[in-house]
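Q: Please see the structure below; I have some questions.
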Amino acid sequence: MPKPRPHSCVLPVLLPDPKFELRTYAYVKELVYDKQAKKVKGVRYVDTRSGEEFEQPAGIVILGAYVFNNVLLMLTGGIGEPYDYKTGKGAIGRNYCYQVSGNVVTLFFENKEINPFMASGAHGTYIDDFNGDNFDHGGLGFFGGAWISGGTSNGRPILTRPVPPGTPRWGRDWKRATAKWYGHAFNIGASGCNYAHRENFLDLDPTYKDVLGRPLIRMSYNFRDNDYKMAAYIGEALGKLGRAANPTVMSSPAVRRGDYKRRALSVHAQYRRNHHGRRPQDQRGQPLLPSLGRRQSLRHGRVAVPAERLLQSDRPGRRARLLVGRGHHHEISQEPRSTRAGVI
Ligand SMILES: Cc1cc2nc3c(=O)[nH]c(=O)nc-3n(C[C@H](O)[C@H](O)[C@H](O)COP(=O)(O)OP(=O)(O)OC[C@H]3O[C@@H](n4cnc5c(N)ncnc54)[C@H](O)[C@@H]3O)c2cc1C
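Straight run, no breaks: the sequence shown in my numbering ends on number 515.
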């Protein structure tokens with residue numbers, strides 16, 4: 172369970188307070204938004220057990236339904252101006268960002284005991300030398316960077332089966348290699364930042380609706396040149412770090428290439444970078460908060476996160492159908508990985 176989420180760290184503190192009431196099974200259908208006053212005055216929610224609808228007036232509404240539902244509620248509530256990628260106008264749904272992960276190299280040490288089972292989700296050593304603007308970008312042609320981490324996050328018998336490149340994917344030799352290398356390998360991985368792009372955004376799906384009859388939120392997203400250049404550079408750095416550790420065998424560094432894929436754990440780091448830039452041109456395009464008026468009644472959760480640094484984990488992919496670019500559907504196949512090692 173992600174450590175900082177309110178379910179685990181805020182609710183337990185609130186529950187004993189006699190003034191606090193937790194209403195479970197309450198699914199907010201829409202915000203009660205007074206357009207003239209630019210103020211959210213309550214929510215309409217559905218009791219998901221009975222289907223009964225309620226209106227709850229409120230002095231303050233905290234919009235904490237996570238990035239997709241936050242944007243959905245704002246768009247369906249008529250708050251602010253929806254983003255239009257063709258004109259670049261509008262703020263709601265704009266600046267959707269993710270993370271650039273998938274860079275990894277696996278190191279195998281014949282005579283070293285790695286003990287992958289003695290691990291935890293957060294175990295490892297992280298370095299920020301290649302993160303953000305911590306290194307000289309002169310001539311590199313990209314912004315940002317990535318954290319790099321080495322370690323083992325688990326030693327699960329099925330998930331963790333690192334074998335050197337060239338090992339057959341099944342059969343006797345694969346079994347031998349699995350037994351030989353299980354306790355002798357670990358990954359160096361990276362997760363990079365991702366900048367807002369004009370064609371990466373959220374809007375309302377024109378076709379599909381949810382069970383309440385509301386349009387689904389639609390995500391148009393892909394990695395861009397900056398992401399690929401940064402990933403290639405970080406891949407080289409992983410190779411250098413790996414070789415410096417002098418392993419018996421090392422996989423070629425896997426570098427993030429190809430289109431974005433919606434993956435099993437993708438949702439863990441979805442940001443809408445609605446940050447208030449330092450330069451006037453950055454700020455101009457960010458009218459989300461002003462759209463709520465001066466005496467804003469609505470606090471939005473993880474939608475105002477600055478771009479530069481990330482600390483998130485990554486996992487191997489799945490086959491998925493997704494929206495990329497200008498809303499076209501593409502079937503994306505799964506890239507083969509050079510090793511079957513668990514990714515940090
Ligand atoms: C598998 C996984 C691992 C992760 N690991 C880490 C980690 O190690 N470290 C880290 O920092 N972050 C991690 N994250 C990311 C972290 O969990 C999120 O960034 C964080 O939970 C976001 O908090 P939030 O309050 O904005 O949204 P959420 O925690 O998603 O809370 C939103 C809540 O709103 C509810 N909701 C949505 N719509 C409605 C509606 N219409 N009406 C009523 N309720 C609604 C949802 O049910 C949910 O309970 C991970 C995420 C995942 C999925």
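By construction, the Cβ of each residue, glycine as well, lies at the ideal position given by its N, Cα and C atoms.
1. If we ignore side chains and look at the alpha-carbon of each, how far apart do V426 and P228 end up?
2. Nearest-angstrom Cα distance between P386 and G248?
3. Quick one: grab the DSSP three-state call for Y196.
4. Once the 5 residues before and after A416 are set aside, which same chain residues still bring their CB inside 7 Å of it?
5. Look at S320 and G360 and say whether their C-beta atoms are less than 7 Å apart.
6. Examine the Cβ distances between the stretch 261–272 and the stretch 344–363 and report whether three or more of them are shorter than 8 Å.
7. Just curious, the beta strand (DSSP E) that W341 is in, first and last residue?
8. Taking all protein chains shown into account, do 16 or more other C-beta atoms lie within 10 angstroms of the C-beta of G413, making it buried, or fewer, making it exposed?
9. Find the nearest neighbour of K200 within the set P328, F301, D381, S324, judged by alpha-carbon distance.
10. At a cut-off of 6 Å, would you count N240 as near ligand 1, judging by its Cβ distance to the nearest heavy atom?
11. Under 6 Å: does the beta carbon of Y198 sit that close to some heavy atom of ligand 1?
12. Suppose contacts are defined by Cβ-Cβ distances below 7 Å. Is L373 in contact with G264 by that definition?
13. Sort H308, T378, G235, E223 by Cα distance to H178 and report the nearest one.
14. May I ask you to list the residues that DSSP assigns as paired with A361?
15. Drop a sphere of 10 angstroms on the beta-carbon of L311, count the other beta-carbons inside from all chains shown, and report buried for 16 or more, exposed for fewer.
16. Can you tell me the Cα-Cα spacing of Y330 and I388, whole angstroms?
17. Cα-Cα, which of Y267, A350, A290, V334 is closest to V238?
18. To which residues does DSSP link K380 through a beta bridge?
19. Using a threshold of 6 Å, is the CB atom of A350 nearer than that to any non-hydrogen atom of ligand 1?
20. Taking only beta-carbon positions, decide if G354 is within less than 7 Å of chain B.
21. Hey, quick one: how far does the beta strand (DSSP E) through T296 stretch, first residue to last?
22. According to DSSP, simplified to helix, strand and coil, what is Y399?
23. Give the DSSP bridge partners of P228, in chain order.
24. Quick one: grab the DSSP three-state call for V181.
25. Given that a residue counts as buried once 16 or more other Cβ atoms are within 10 Å of its Cβ, and exposed if not, what is H287?
26. Over what stretch of residues does the alpha helix (DSSP H) that includes L244 continue unbroken?
27. Could you tell me whether the Cβ atoms of Y196 and Y216 are closer together than 7 Å?
28. Say the cut is 6 Å; is the CB of Y404 nearer than that to a heavy atom of ligand 1?
29. Is it right to say D398 is buried, meaning 16 or more other beta carbons lie within 10 angstroms of its own, or is it exposed?
A: The structure says:
1. Between V426 and P228, the C-alpha separation is close to 50 Å.
2. Rounded to whole angstroms, P386 and G248 show a C-alpha spacing of 12 Å.
3. For Y196, the secondary structure class from DSSP, reduced to helix, strand or coil, is coil.
4. For A416, where only same-chain residues beyond five positions count, the Cβ hits under 7 Å are L278.
5. Yes, the Cβ-Cβ distance between S320 and G360 is below 7 Å.
6. Yes, the stretch 261–272 touches the stretch 344–363.
7. Looking at the DSSP string, W341 is not in any beta strand (DSSP E), and its letter there is neither H nor E.
8. With 16 or more other CB atoms across the displayed protein chains lying within 10 angstroms of its CB, G413 is buried.
9. Here the closest residue by C-alpha is D381.
10. Under cutoff, so the answer is yes.
11. Set against 6 Å, the gap from the CB of Y198 to the closest heavy atom of ligand 1 is smaller.
12. In contact: L373 and G264 (Cβ atoms closer than 7 Å).
13. Residue G235 holds the alpha-carbon nearest to the alpha-carbon of H178 among H308, T378, G235, E223.
14. In the DSSP assignment, the residues bridged to A361 are N274, I319.
15. For L311, the number of other beta carbons within 10 angstroms of its own is below 16, and it is reported as exposed.
16. At residue 330 the sequence reads Leu, which differs from the Tyr that was named. Taking the straight line from one Cα to the other gives about 33 Å.
17. Ranking Y267, A350, A290, V334 by Cα distance to V238 puts Y267 first.
18. According to DSSP, which records beta bridges pairwise, K380 is partnered with P386.
19. Outside the cutoff, so no.
20. Among the chains in the structure shown there is no chain B, since it carries only a single protein chain.
21. For T296, the enclosing beta strand (DSSP E) stretches over residues 296–298.
22. In the three-state reduction of the DSSP assignment, Y399 falls in the helix class.
23. Beta-bridge pairing links P228 to G213.
24. It is coil, neither helix nor strand.
25. A small correction: the amino acid at residue 287 is Pro; His does not occupy that position in the sequence shown. Around the Cβ of P287, a 10 Å sphere holds 16 or more other Cβ atoms; the residue is buried.
26. Counting along the chain, the alpha helix (DSSP H) containing L244 begins and ends at 237–248.
27. Y196 places its beta carbon 7 Å or farther from that of Y216.
28. No; taking the cut-off as 6 Å, the Cβ of Y404 has no heavy atom of ligand 1 nearer than that.
29. With 16 or more Cβ atoms within 10 Å of its Cβ, D398 is classed as buried.
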